[in-house]
Structure formats: C-alpha cells, structure tokens
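Chemist: Numbers in this note's numbering are just positions in the sequence shown, counted from 1, shifted up by 987.
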Amino acid sequence: MPNLWSQWCAACHGPALEGRYGPPLSGPRFLARWGGESGEALWRFIQARMPLGQVGVLKVQEIWPLVALILQANGVALTDPVPPLLAVTRLPKP
Ligand code: HEC
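(1) Residues around the ligand HEC, please: the condition is that the C-beta lies closer than 5 Å to some non-hydrogen atom of it.
(2) Quick one: grab the DSSP three-state call for R1077.
(3) Please look up how many angstroms separate the CB atoms of V1054 and G1026, rounded, as I've assumed it's under 8 Å.
(4) Does DSSP classify S1013 as helix, strand or coil?
(5) Would you grab the beta carbon distance between A1074 and W1021 for me? Rounded to a whole angstrom, and I think it's under 8 Å.
(6) Return the chain-ordered list of same chain residues with a C-beta closer than 6 Å to the C-beta of Q1034, the five sequence neighbours on each side being excluded.
(7) What residue range does the alpha helix (DSSP H) around N1061 cover?
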C-alpha cells in the first residue's frame, strides 16, 4: 500500500479502500456513484475535498498515485500510470 494512502486516507477509507468512517473507494457502492467517471474527475474531487478536514496537505503531484490506486482497486489495469493517461482513464460502470 502506498505510503500516501496510509498517511492521509487509510484512517477514514480503510487500508484496503474498504471504507470505515468514510465510504468505500472500491466495489459496487463506490462504482454506483463513480462508475464511468474519469481519473481527472477523481483528481479534482480529491484536490478540492480530501483529506477531509485537511484539504491542501497533498502536493499536486501526490494526488495522481492516489487516483491510480483507486482505479486499480476497482479493476482497472494500468500499464503506464502517468498523469495524462490516468486523467482520461475511466472507472468501470457497474
Ligand atoms: C477524516 C476522514 C477522511 C479522510 C482522512 C479522507 N477522507 Fe475521503 N471521504 C471522507 C468522507 C466522510 C467522505 C464522504 C463525504 C464527502 O464526499 O465529503 C469522503 C469521500 C471521498 C471520496 C468520494 C467517495 C464517494 O463515494 O463519492 C473520495 C474519492 C475520497 N474521499 C478520497 C479520499 C482520499 C484519496 C483521501 C486521502 C488523501 C481521503 N479521501 C481522506 C472522509 C475522509
């Protein structure tokens, strides 16, 4: 599990993105809301809203690995996880 996830996200969303205080970021419940959305949409949401109560602690370039993690946790195969490709990659529709 990437360090950034353990440091800033896991306490609320669970070590395996399964959800705790915060909602799960993988699986059917997440995809019911986010299925079909792009990596860029995820990036924007995280940048504007997360970590809850501490917006701004993440550097701009630190958000992309978190987007990659969420895409992968929802079954997206990432061969080349560079930001321009992550931005246009979409979460599967449930
Ligand atoms: C203090 C607890 C907390 C932390 C820390 C936190 N989140 Fe959240 N997160 C929430 C809650 C609560 C929601 C649902 C309410 C909302 O959308 O604001 C949420 C919603 C989300 C969503 C949208 C989920 C949905 O179903 O729409 C994403 C994506 C997300 N968080 C990503 C992250 C990432 C990435 C991090 C780490 C950088 C993070 N969160 C850190 C509490 C947290």
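Ideal Cβ placement from N, Cα and C applies to all residues, glycine included.
Modeler: Reading from the atomic positions:
(1) W995, C996, C999, G1009, P1010, R1020, I1033, M1037, P1038, L1039 and L1053
(2) R1077 sits in a strand when the DSSP states are folded into three classes.
(3) The distance from the Cβ of V1054 to that of G1026 is about 5 Å, consistent with a contact at the 8 Å cut-off.
(4) coil
(5) With 8 Å as the limit, A1074 and W1021 do not qualify as a contact, their Cβ atoms being about 15 Å apart.
(6) Excluding sequence positions up to five before and after Q1034, its CB lies within less than 6 Å of the CB of I1050, all in the same chain and listed in chain order.
(7) First-last for N1061: undefined, no H or E at that position.
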